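Heads up: the sequence shown runs through residues 74 to 460, numbered per my numbering.
Idealized CB from N, CA, C, for every residue including glycine.
Values in this document were obtained by computation on a predicted structure and should not be read as measured data.
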Amino acid sequence: MYNDYLINTYNRMDFIAESGNGCWLTDVNGNTYLDLVAGVAVNSLGHSHPAVVKSIQAQAEKMIHVSNIFWTKEQGELAKKLVELSNHQGVFFCNSGSEAVEGAIKTAIKYGTSKKAEKEKIICFNNSFHGRTIGALSITAQEKYQQPFGSLLKKVKICHFNDLEDVKANMDEDVCAIIVEPVQGEGGIQVATTAFLEGLKMLCEENDSLLIFDEIQCGAGRLGTFFAYEKYGVEPDIICMAKGLGGGVPIGAFIVNEKANVLIKGDHGSTFGGNPFVCAVSKTVIDITGSPDFLETVNEKSAYLKEALFKIEKKYPQFITEVRGEGLMLGIEMKVPVKEVIQEAYKNKVLLISAGSNVIRIVPPLTIEYKEMDVFIDTFNQILETF
Ligand SMILES: Cc1ncc(COP(=O)(O)O)c(C=O)c1O
Numbered sequence: 074m075y076n077d078y079l080i081n082t083y084n085r086m087d088f089i090a091e092s093g094n095g096c097w098l099t100d101v102n103g104n105t106y107l108d109l110v111a112g113v114a115v116n117s118l119g120h121s122h123p124a125v126v127k128s129i130q131a132q133a134e135k136m137i138h139v140s141n142i143f144w145t146k147e148q149g150e151l152a153k154k155l156v157e158l159s160n161h162q163g164v165f166f167c168n169s170g171s172e173a174v175e176g177a178i179k180t181a182i183k184y185g186t187s188k189k190a191e192k193e194k195i196i197c198f199n200n201s202f203h204g205r206t207i208g209a210l211s212i213t214a215q216e217k218y219q220q221p222f223g224s225l226l227k228k229v230k231i232c233h234f235n236d237l238e239d240v241k242a243n244m245d246e247d248v249c250a251i252i253v254e255p256v257q258g259e260g261g262i263q264v265a266t267t268a269f270l271e272g273l274k275m276l277c278e279e280n281d282s283l284l285i286f287d288e289i290q291c292g293a294g295r296l297g298t299f300f301a302y303e304k305y306g307v308e309p310d311i312i313c314m315a316k317g318l319g320g321g322v323p324i325g326a327f328i329v330n331e332k333a334n335v336l337i338k339g340d341h342g343s344t345f346g347g348n349p350f351v352c353a354v355s356k357t358v359i360d361i362t363g364s365p366d367f368l369e370t371v372n373e374k375s376a377y378l379k380e381a382l383f384k385i386e387k388k389y390p391q392f393i394t395e396v397r398g399e400g401l402m403l404g405i406e407m408k409v410p411v412k413e414v415i416q417e418a419y420k421n422k423v424l425l426i427s428a429g430s431n432v433i434r435i436v437p438p439l440t441i442e443y444k445e446m447d448v449f450i451d452t453f454n455q456i457l458e459t460f
């Protein structure tokens, strides 16, 4: 296909996307599929949501980009909204999740080394995923992503997810930050316990370290609260966001509280980060996804989908190990190769994606309708019936 012209780093499906509408994607041959991938938890309002389209058109006509040497109303308004929603103090805008994590790492190292030269150790967790740039990759504790990219950042300690004792054993005053995904995405939809996150918060307070939540996949409404941390009632010092924040336009952000507000003029920057185009669209998206009524619908849909999946889990214990997750970020751990299940679903015009080695990841548009969830449930049931 286009292999001859690209650096082929992706394991792509044999699918050429042509257009999208809500929860549905149509390929170049005119076949329409139910899209439960949503650009990997990006298209929170589905494809071509009218409010998003309108916002894109209006902002494109007005102004797409100016340098960050100028102020724009669009960036300012989005920052204000995020600060108000999070109760934090300041936002830096970038273009992707990895960049949000890079910014958080720089903030943490500056915070730590301003106290003590050696205070630059970062604790992360097994099966984490924080991105592909060198800093973010260094704290992405999965060999398949780190190989063969050299020695990466040195002062990183990998602890076991949900194992507070392990973190305690590795925590000391040289730790500048702990970074954790409240729900691990790429690692296989692993949900942190509240006690674990509360424990991390306490350890950070005791050791004057920063607690960073990577909410890039699980934030922006996906768990049924706008910020993932709200689900747990544990406030991090830094929140990393991207994906659903823009509903499809490339935007990332890290949001700091007073303690972590240490970057000053000249410390960080981005040419495109937070340009008026992406900020106007993101504001439109989060005006919807951040509203309590909308979040309530996410919780209701989550309960509906979970109940249906638990029933399937009970019916097919020979195929399913566990159904887990929060909000509309669910995982089905399989005892059979997920690749084959995904392929079968594809034949039945349902698009799915895996997470980890044996988990089907369900991250649909948050606007998915009940009858669309039924299409998936029926298809999944049917696949397992004939497996
Ligand atoms: C939790 C998490 N952090 C960071 C990233 C990296 O984001 P990006 O691909 O936008 O750089 C991802 C991407 O999947 C992610 O899921």
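query                                                                                                                   : result
Rounded C-alpha distance that separates residue 247 from residue 206                                                    : 24 Å
contact_flag[the stretch 164 to 184, the stretch 249 to 259] where n(CB pairs < 8 Å) is 3 or more                       : yes
heavy atom of ligand 3 below 7 Å from residue 254 C-beta                                                                : By its list of ligands, the structure shown excludes ligand 3, since it contains just ligand 1.
Nearest candidate by alpha-carbon position, reference residue 201, set 381, 242, 429                                    : 429
heavy atom of ligand 1 below 7 Å from residue 263 C-beta                                                                : no
Any 3 or more C-beta pairs closer than 8 Å across the stretch 305 to 314 and the stretch 268 to 276                     : yes
Reduced DSSP secondary structure (H/G/I, E/B, other) of residue 313                                                     : strand
Pair within 8 Å by beta-carbon distance, residue 195 and residue 240                                                    : no
Contact under 8 Å by Cβ, residue 323 with residue 139                                                                   : no
Proximal residues to residue 172 (C-beta, below 6 Å), its chain only, five neighbours per side dropped                  : 325
Closer than 7 Å: residue 286 CB and nearest ligand 1 heavy atom                                                         : no
Simplified DSSP state of residue 199, which is helix, strand or coil                                                    : strand
Exposure of residue 168, with buried meaning 16 or more beta-carbon neighbours within 10 Å                              : buried
The stretch 119 to 132 in contact with the stretch 281 to 299 per 3-pair CB rule at 8 Å                                 : no
Anticipated Cβ contact below 8 Å, residue 398 with residue 262, distance rounded                                        : 5 Å
Residue 93 (DSSP reduced to helix, strand or coil)                                                                      : strand
Distance cut-off 7 Å: residue 289 Cβ against heavy atoms of ligand 1                                                    : yes
Minimum Cβ-Cβ distance from residue 201 to chain D less than 8 Å                                                        : Looking at the structure shown, chain D is missing, and only one protein chain is on hand.
Close-in-space but distant-in-sequence residues of the same chain around residue 392 (CB under 8 Å, 5 per side omitted) : 407, 408, 409, 457, 460
Sub-8 Å separation of residue 291 and residue 329 beta-carbons                                                          : no
Reference residue 351; option with closest CA among 423, 152, 108                                                       : 152
Boundaries (first-last residue) of the beta strand (DSSP E) holding residue 449                                         : From DSSP, residue 449 is part of no beta strand (DSSP E) but of the alpha helix (DSSP H) over 443 to 458.
beta-carbon residue 111 near ligand 1 non-hydrogen atom, thresh 7 Å                                                     : no
Residue 156 versus residue 416: straight-line alpha-carbon distance, rounded                                            : 42 Å
Candidates 353, 193, 81: closest to residue 135 by CA position                                                          : 353
The stretch 439 to 458 contacting the stretch 334 to 343, beta-carbon criterion three pairs below 8 Å                   : no
Distance CB(residue 106)-CB(residue 118) smaller than 8 Å                                                               : no
Nearest-angstrom beta carbon gap, residue 318 and residue 293 [assumed within contact, 8 Å]                             : 5 Å
Nearest to residue 143 (by Cα), restricted to the options 222, 435, 343                                                 : 343
Residue 202 beta carbon near ligand 1 (any heavy atom closer than 7 Å)                                                  : yes
Extent of the continuous alpha helix (DSSP H) to which residue 350 belongs                                              : 349 to 362
Extent of the continuous beta strand (DSSP E) run through residue 273                                                   : Per DSSP, residue 273 belongs to no beta strand (DSSP E); it is in the alpha helix (DSSP H), 267 to 279.
Residue 169 beta carbon near ligand 1 (any heavy atom closer than 7 Å)                                                  : yes
Spatially closest choice to residue 361 from 123, 112, 74, 213, by CA coordinates                                       : 123
Buried versus exposed, by CB contacts within 10 Å (16 or more), residue 359                                             : buried
Cβ-heavy atom distance, residue 409 to ligand 1, below 7 Å                                                              : no
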